[in-house]
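Going by full-length UniProt numbering, the sequence shown opens with residue 1, and the numbers climb by one from there. For every residue, glycine included, the Cβ atom is placed at its ideal position computed from N, Cα and C. Have a look at the structure below, then the notes.
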Amino acid sequence: MADTSLGEKRDREPSTSPNPPPKRVKAEESPANDGITVERTEETSTQADIEMAEMESVQAANPEDETPKESGSGKGKGKGKSKGKEKTKRDARKRQEERPPRDPDAPKEPRLPKKQTAILMGFCGSNYHGMQYQNVKSTPGLPEQKTIEGELFKALVAAGAVSKDNADDPVKVNFARAARTDAGVHAVGNVVSLKMITEVPGIDSMLDKLNELLPPEIRVWDLQRVQNSFNARLLCDGRKYTYFFPSYLLIPPKPGCSLDRALKEYASSISQEVPYSSDPFWDVPDAETSSSDQDFTRKRAWRATPAHTERLREIVKKFEKTHNFHNFTVTQDPKDKSNLRFMKKIEIDEPAVYGETEWIAVHLDGQSFMLHQRKMMFALVMICRTGTPASVIDKLYELDRVHIPKMPALGLLLEYPIFGIYNKKVATAKEKIDDDPSDPQYRLPLNFDKHMEQMGEFRQKFIYDRMRSIEDRKGLYDAWVRSVDTYGGPDLLYLNPEGTIPEVSKMEKGEKRSKPFRESRVFNLTTFAADDNQKLTAEEVDVVEDEMQEAEG
């Protein structure tokens with residue numbers, strides 16, 4: 001299931017309780033190949049983080065209109081100032097040097113009041129290079145990439161919500177996002193916070209003006225006044241994602257394919273049989289020699305049984321609570337505490353038919369997600385389709401390294417972020433002012449409740465319909481599962497009747513595998529030309545992969 005933090009590293013002992021593990025905040029999300037943000041990881045905040053953010057946002061005389069000022073002496077515990085503040089000053093000096101000199105005779109623009117604001121928005125990520133704004137000045141020589149935040153910031157500047165003095169860098173207005181999605185990944189709900197001008201002469205509704213300036217695949221649901229210390233990244237303490245996939249992925253491997261032979265040979269070596277050997281889908285004449293087109297037509301007509309749904313629900317229970325997800329992300333050290341994640345709840349919808357294909361939705365409610373946690377969906381689907389015991393997931397949390405591939409990015413969707421601790425704080429503050437909307441400190445809780453109808457219409461038109469169209473035209477999921485079934489090496493032999501990790505499947509750091517599982521980046525794509533109706537074959541997958549490599553130089 002993607003997008004994809006500030007502060008220094010804080011090491012703590014891993015927690016074995018079902019409560020959320022201790023969290024740390026990192027300087028910036030690192031680049032990712034999928035939306036699941038997060039993302040060297042995208043972290044949530046503790047109450048201590050909130051208090052720290054508030055301390056750093058002590059206001060000047062007019063707290064509603066002035067930019068937050070730094071508090072404290074700037075001294076660290078030892079000698080001199082902290083590295084973080086030194087870097088902030090260096091960055092400020094650099095921006096000052098890059099700024100063109102002001103014409104002393106030019107009239108100054110009137111300073112309009114700025115207020116800390118949360119922008120509630122949604123977008124279809126197709127044709128965008130991810131969520132996060134990319135400053136071309138910091139990457140000279142590289143082409144400018146179109147991003148969601150880039151389009152949003154241009155609209156804010158054009159509408160006058162960001163002054164011309166601040167129009168060259170979102171950092172100047174304390175720009176932050178709750179969740180970073182990667183290239184092509186969608187979000188029905190996300191939150192961006194910044195210090196913005198909310199009332200501009202000649203504009204009756206800033207909300208309407210922004211939506212007028214933005215392309216239709218990017219929508220602003222609301223502009224909400226928030227507390228001056230609010231930071232969308234630091235104060236986000238939960239995110240909800242959905243992953244969709246066609247139910248036919250649960251059909252067992254095709255008899256005679258490389259994966260089928262490898263799993264059967266390993267099962268035989270431990271005096272076992274694979275649990276899927278008698279599946280009725282393949283119990284037809286010439287099943288082993290049927291073409292991929294013939295198989296795809298039958299797969300689209302296939303329907304999951306209640307037993308499949310219950311099996312999926314049994315497996316996802318293994319992902320809930322706190323675990324070491326090092327095998328489900330990219331990490332150099334399985335013992336790194338950042339691999340600990342708390343999954344509050346994962347739910348499986350009943351299968352639903354759209355057109356000729358049946359789809360299944362997996363809803364993930366967690367504190368934070370890691371780079372490439374689409375690997376969780378791979379484990380879910382492959383454990384189900386091969387009859388592997390769900391207990392193998394417990395083995396995957398152990399320190400042995402194994403390779404878990406990713407599911408296609410096409411099915412990943414950020415539903416919305418959650419601000420539980422902040423909303424409790426707002427509720428407490430409202431009680432102190434007798435819930436009086438006229439009080440300058442009055443704030444509303446931050447959620448998407450009143451926008452759900454609009455968001456549902458947007459989700460259907462710009463995300464679901466496009467997702468299903470791509471699958472119908474390109475057969476992307478079928479191409480993906482066929483690419484998995486052509487692998488006959490040792491990397492996936494943990495999909496066995498005992499639910500154990502064979503020694504041949506374990507990977508050493510820096511090891512060059514003799515027959516590694518190779519993933520094609522084609523399955524990270526969520527955009528194809530509207531007139532491209534050619535089904536993805538193994539040959540086309542190779543061609544697209546070569547084109548992507550050439551484009552990167």
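Taken atom to atom, the span from the alpha-carbon of P215 to that of C124 is near 10 angstroms. Minimum Cα-Cα distance from L250 among the listed residues Q272, W221, F281, N327 corresponds to F281. Shown here for C236: same chain residues with a beta carbon closer than 8 angstroms to its own, the five before and five after excluded, namely T44, S45, A178, A179, V191, P417, I418, F419 in chain order. Residue burial annotation: R518 is exposed, with fewer than 16 other C-beta atoms found within 10 angstroms of its C-beta. Short of 6 angstroms from the beta carbon of P253, and not among the five residues preceding or following it, lie these beta carbons of its own chain, in chain order: L259, D260, D485.
Secondary structure note for L120: its beta strand (DSSP E) is the uninterrupted segment 115-123.
Between D491 and K375, the alpha-carbon positions lie close to 14 angstroms from each other. Counting C-beta atoms within 10 angstroms of its own C-beta, Q534 has fewer than 16 neighbours from the protein chains shown and is therefore classed as exposed. Annotated three-state conformation of T242 is strand, per DSSP. Within the segment 153-210, the complete beta strand (DSSP E) segments at least 3 residues long are 186-196, listed from N- to C-terminus.
As computed with DSSP, K345 is found in a beta bridge with D365.
H326 carries a helical assignment under DSSP once its states are collapsed to helix, strand and coil. Nearest in C-alpha terms to T527, of all of L120, M467, F296, is M467. Nearest in C-alpha terms to L263, of all of D465, F325, M121, Y487, is Y487. Contact check for Y241 and L364: beta-carbon distance about 5 angstroms, within the 8 angstroms limit, so the pair qualifies.
Membership of P334 in any alpha helix (DSSP H) is not indicated, and neither H nor E is assigned to it by DSSP. The Cβ atoms of L412 and K474 lie no closer than 7 angstroms to each other. Between I315 and I218, the CB-CB gap reaches or exceeds 7 angstroms. Among the bridge pairs identified by DSSP, E320 is matched with none.
Distance from the CA of F244 to the CA of V330, rounded to the nearest whole angstrom, comes to 23 angstroms.
Nearest C-alpha to I501 among F523, Y477, D400: D400.
Under the DSSP assignment, W282 falls outside any beta strand (DSSP E); it carries neither an H nor an E label.
Membership of I218 in the beta strand (DSSP E) is indicated by the continuous run 218-225. In this structure, the straight-line span from the alpha carbon of T388 to that of W302 is close to 21 angstroms. By the Cβ test, the segment 348-355 is not in contact with the segment 321-337, since fewer than three Cβ pairs between them sit closer than 8 angstroms. Pairing P408 with F378 gives a Cβ-Cβ distance that is not under 7 angstroms. With 16 or more other Cβ atoms from the protein chains shown falling within 10 Å of its own Cβ, V541 counts as buried. Residues of the same chain with a CB within less than 8 angstroms of the CB of K146, apart from the 5 flanking positions on each side, are N127, Y128, H129 in chain order.
Using a C-beta cut-off of 8 angstroms, the segment 143-162 makes contact with the segment 181-199, since at least three inter-stretch Cβ pairs fall below that distance. Bounds of the beta strand (DSSP E) holding E415 are 412-418. With fewer than 16 neighbouring CB atoms inside 10 Å of its own CB, G256 falls in the exposed class. The beta carbon of S505 sits closer than 7 angstroms to the beta carbons of V402, P490, D491, L493, Y494 from its chain, once the five residues preceding and following it are set aside; these are given in chain order. A distance of 7 angstroms or more separates the beta carbons of L380 and L476. The closest CA to that of L207, considering only N174, D293, L120, is found on L120. Q132 and I148 have their C-alpha atoms roughly 7 angstroms apart.
Assigned with DSSP and collapsed to three states, L340 falls in strand.
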